[in-house]
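Note sheet for the following structure.
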Amino acid sequence: MDKLIRKNQELSAILDISRVLTSSFNLEKNLHAVMESLAGQLEMQRGGVFLPDRLSRELRIVAAYGLTREEIKRGTYRIGEGIVGRVIESGEPMFIPNIGAEPKFLNRTDSRPRKSGVSFLCIPIELDGHIMGVISVDRIYTEEHGNMDGDLRVLSIVASFIAQFVKLWEHFRQTEQECGHLRSQLRDKFNLSNIIGESGVFQQVLKSVRKVATTDTTVLLLGESGTGKELIAHTLHYQSRHSKEPFVAVNLAALPENLIEAELFGVEKGAFTGATARRVGRFEMARRGTIFLDEIGELPFNLQVKLLRVLQERTYERIGSSESVFSDARVVAATNRNLLDEVAKGRFREDLYWRLNVVPVEIPPLRARAEDIPLLLDFYINKFNRMYDRNLRFESTAVEQLTRYAWPGNVRELSNFVERLVIMAEKDLIGREDLPYNLSSNMPAPTPITDEIAGGRDSLPGEVERIERLHIIQALREHNGVQQRASKSLGLAPRQLGYRIKKYGIRPREI
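Take the sequence shown: its letters are residues 18 to 528, numbered as in the working numbering.
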């Protein structure tokens, strides 16, 4: 009966220790909890887990029971030194019935003033033939009390658990270090100082990004395709307090309409045929980080109320579940559409628009910051030269011509053009005559405003009014109907712009 009781106690202790070692990746905390559990099971006076120091390779105590901080500091051994050092050197367990009679027992911690009568059991921590450390126990054995064979069995099992845990902890620590290194690289890559653009209009964008990056507020990025909205979204994330957490990007235009809800909010097991397991949505993936909703104007109308609830209450439900999930992800949305126009046409909820439009950041098209084009050309020619092992350079005539081009595809078009040129060019010095016809033409590519102005002539007063009206319309288009920003770009007071809008019968919501 006593043996059965002891077996049950051993199994209970081993189960507790296995739970402790799978509770977290905190090495010292977990191993200390293991020693506490063993103290109750083995009635030990002292005990310790020794692991090699990464630099000195000396054995040091990383977790202990019954030792003070000073005693732990003193407990260091070289491999082969003392009982602890001999066990890690040989890989064989050692039992010392009476440490007072064993000259090789060093008592390095100086925690045993009277050594007689105390036994010492030391077990190697081993995995796949590799000795990773040792675990030791001090206790008193008598004929009536204590079972060395049973303790040896329990310690051997616990040592194998510790070996597995230490191996996993080493992998975890290495992964953490690699992730930290990658995060550091990403923070450097998406640093505001690395974003190319010295024009006044683009510096205003960077100023806004710098201010809003340190907050948790929702940001709406506005701009044509190819202007760099995703670059700005990444920068907002990696320059914020969320930079150590996930950045999750979702292009809503690239998802089938019937899959968007599941992709964003997840699916509960059994929600429909084929839902054999819970599926985590993008909002859950972005926990404590940033979710970037690109092409927000493509979000189906019936799902807009669900996103509105996330922004208002920070909660949502997975498909097939009534349980609310809390979302603490920061939301950054982007669109190349005029959302106010979409609201007026009944395709976008007005309440959602105002929830998203907390801090709007307008990214200007490349044609509006032509002075940045030479800088971008230089950046991309160097980038693709390194990538394709070329040494191309632009002559000044080519740079002048490319600066005059309107770049309807914005920075993305410019990047693609330079990459194609580096791949296909026959010579290293690119002049104006080497540019494609559409880029080498003397006339810059037309913009909507120049087309409309060129459409006809009127008397001088009528022509002035017509051009003024077109400039106002163009400014309202570029600023998504926001009159305050449009007036600033035109050099007018808001009251002056309001007067002209009324005078010319312009309807900003319909632009």
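Even for Gly, the Cβ is constructed at its ideal location relative to N, Cα and C.
The structure displayed is predicted, hence computed values, not measured ones.
>> Are there any heavy atoms of the ligand GTP lying less than 8 Å away from the beta-carbon of residue 234, as far as the coordinates show?
In response: With respect to small molecules bound, the structure shown includes none, and the ligand GTP cannot be examined in it.
> Comparing alpha-carbon positions, which option in 360, 96, 62, 337 lies nearest residue 74?
Replying inline: Locating residue 74 in the sequence shown gives position 57, where the first residue counts as 1. Of the candidates 360, 96, 62, 337, 96 places its Cα closest to the Cα of residue 74.
> In whole angstroms, what is the alpha-carbon distance linking residue 101 and residue 267?
Replying inline: By one-based count along the sequence shown, residue 101 stands at place 84. By one-based count along the sequence shown, residue 267 stands at place 250. Straight-line Cα distance between these residues: approximately 55 Å.
> Which runs of the alpha helix (DSSP H), 4 residues or longer, sit entirely within the segment 58-127?
Replying inline: 86-91, 99-107
> Among the residues of its own chain, which have a CB less than 6 Å from the CB of residue 321, if the five just before and after it don't count?
Replying inline: Start at 1 with the first residue of the sequence shown, and residue 321 comes out as number 304. Correct list, in chain order: 366, 369.
> From this set, 408, 311, 248, 236, which residue's C-alpha is nearest residue 445's C-alpha?
Replying inline: Numbered from 1 along the sequence shown, position 428 holds the residue referred to as residue 445. When only C-alpha atoms are compared, the closest one is 408.
> Taking all protein chains shown into account, do 16 or more other C-beta atoms lie within 10 angstroms of the C-beta of residue 504, making it buried, or fewer, making it exposed?
Replying inline: Indexing the sequence shown from 1 puts residue 504 at position 487. Classification of residue 504: buried, given that the 10 Å Cβ count is 16 or more.
> What separation, rounded to the nearest whole angstrom, lies between the Cα atoms of residue 210 and residue 30?
Replying inline: Residue mapping note: residue 210 aligns to position 193 of the sequence shown, counting from 1. Residue mapping note: residue 30 aligns to position 13 of the sequence shown, counting from 1. Going from the Cα of residue 210 to the Cα of residue 30 covers about 57 Å.
>> Suppose the cutoff is 7 Å on Cβ atoms and the five residues either side in sequence are ignored; what does the same chain contact list for residue 108 look like?
In response: Counting from one through the sequence shown, the residue named residue 108 turns up at place 91. The beta carbon of residue 108 lies closer than 7 Å to those of 141, 143, 148 in the same chain, with the five residues before and after it left out.
>> Just verifying my parser: in three-state terms, what is the DSSP assignment at residue 43?
In response: Stepping through the sequence shown from its first residue, residue 43 is reached at position 26. Coil, per DSSP.
> Going by Cα to Cα distance, which pick from 382, 340, 506 is closest to residue 241?
Replying inline: In the sequence shown, residue 241 corresponds to position 224, counting from 1. That would be 382, whose Cα lies nearest to the Cα of residue 241.
> Residues in its own chain within less than 8 Å of residue 426 by CB, not counting five upstream and five downstream?
Replying inline: Walking along the sequence shown from the start, residue 426 turns up at place 409. Hits under 8 Å: 242, 243, 433.
> Residues in its own chain within less than 7 Å of residue 245 by CB, not counting five upstream and five downstream?
Replying inline: Within the sequence shown, numbered from 1, the residue matching residue 245 stands at position 228. If we look at residue 245 and ignore the five residues flanking it on each side, its Cβ neighbours are 380, 428.
> Near residue 509, which residues of its chain fall below 7 Å by C-beta distance, leaving aside the five closest residues on each side in sequence?
Replying inline: Here residue 509 refers to the residue found at position 492 when the sequence shown is read from its first residue. Excluding residues within five positions, none has a Cβ falling inside 7 Å.
>> Considering Cα atoms alone, identify which of 358, 44, 174 is closest to residue 184.
In response: On the sequence shown, position 167 is the one that residue 184 refers to. Of the candidates 358, 44, 174, 44 places its Cα closest to the Cα of residue 184.
> By Cβ distance below 7 Å, which residues in the same chain neighbour residue 299 in space, the five residues on each side in sequence not counted?
Replying inline: By 1-based counting over the sequence shown, the position of residue 299 is 282. Here the set comprises 265, 267, 280, 281, 308.
>> For residue 238 and residue 373, I'd like the C-alpha separation in whole angstroms.
In response: If you number the sequence shown from 1, residue 238 lands on position 221. If you number the sequence shown from 1, residue 373 lands on position 356. Answer to the nearest angstrom: the Cα atoms are 10 Å apart.
>> Quick test of your reading: residue 91 and residue 155, contact by CB under 8 Å. State the CB separation rounded to the nearest angstrom.
In response: As a first step, residue 91 is located in the sequence shown; it is residue number 74 there, counting from the start. As a first step, residue 155 is located in the sequence shown; it is residue number 138 there, counting from the start. About 15 Å; that fails the 8 Å criterion.
>> On a Cα-Cα basis, can you pick out the residue from 348, 402, 386 that is closest to residue 419?
In response: In the sequence shown, the residue the question calls residue 419 occupies position 402. Checked all of 348, 402, 386; the closest Cα to residue 419 is 386.
> So does the segment 392-403 actually touch the segment 353-360, counting three or more Cβ pairs closer than 8 Å?
Replying inline: no
> Going by the beta-carbon positions, is the gap between residue 99 and residue 56 smaller than 9 Å?
Replying inline: Start at 1 with the first residue of the sequence shown, and residue 99 comes out as number 82. Start at 1 with the first residue of the sequence shown, and residue 56 comes out as number 39. No, the Cβ-Cβ distance between residue 99 and residue 56 is not below 9 Å.
>> Just verifying my parser: in three-state terms, what is the DSSP assignment at residue 240?
In response: Position 223 of the sequence shown, counted from the start, is the residue given in the question as residue 240. Residue state, collapsed to three classes: coil.
> Do you know how far the Cα of residue 394 is from the Cα of residue 187?
Replying inline: Within the sequence shown, residue 187 is the residue found at index 170, counting from 1. Within the sequence shown, residue 394 is the residue found at index 377, counting from 1. Distance between the alpha carbons of residue 187 and residue 394 is about 45 Å.
> Taking the alpha-carbon positions, what's the residue 517 to residue 438 distance?
Replying inline: Against the sequence shown, residue 517 aligns to sequence position 500. Against the sequence shown, residue 438 aligns to sequence position 421. If you draw a straight line from the Cα of residue 517 to the Cα of residue 438, it is about 46 Å long.
> At what residues does the beta strand (DSSP E) containing residue 153 begin and finish?
Replying inline: Here residue 153 refers to the residue found at position 136 when the sequence shown is read from its first residue. Element bounds for residue 153: 147-156.
>> Suppose contacts are defined by Cβ-Cβ distances below 9 Å. Is residue 17 in contact with residue 179 by that definition?
In response: In the structure displayed, the chain extends from 18 to 528; residue 17 sits before or after that span and is not available.
>> Quick check on residue 15: does DSSP put it in helix, strand or coil?
In response: Residue numbering for the chain in the displayed model covers 18 to 528; residue 15 lies beyond these limits and cannot be assessed.
>> Taking its Cβ as the centre, do 16 or more other Cβ atoms sit within 10 Å of residue 290, making it buried, or is it exposed?
In response: One-based indexing of the sequence shown puts residue 290 at position 273. When all chains shown are included, residue 290 counts as exposed.
> By how many angstroms is the C-alpha of residue 301 removed from the C-alpha of residue 236?
Replying inline: Reading the sequence shown from its first residue, position 219 is the one you call residue 236. Reading the sequence shown from its first residue, position 284 is the one you call residue 301. So the two alpha carbons sit approximately 19 Å from each other.
>> If we require 3 or more residues per run, which beta strand (DSSP E) segments fall completely within the segment 292-333?
In response: 307-311
>> Suppose the cutoff is 6 Å on Cβ atoms and the five residues either side in sequence are ignored; what does the same chain contact list for residue 313 look like?
In response: The residue labelled residue 313 in the question sits at position 296 within the sequence shown. Cβ within range, chain order: 350, 352.
>> Taking the straight line between their C-alpha atoms, what separation do you get for residue 35 and residue 52?
In response: Within the sequence shown, the letter at position 18 stands for residue 35. Within the sequence shown, the letter at position 35 stands for residue 52. C-alpha separation (whole angstroms): 12 Å.
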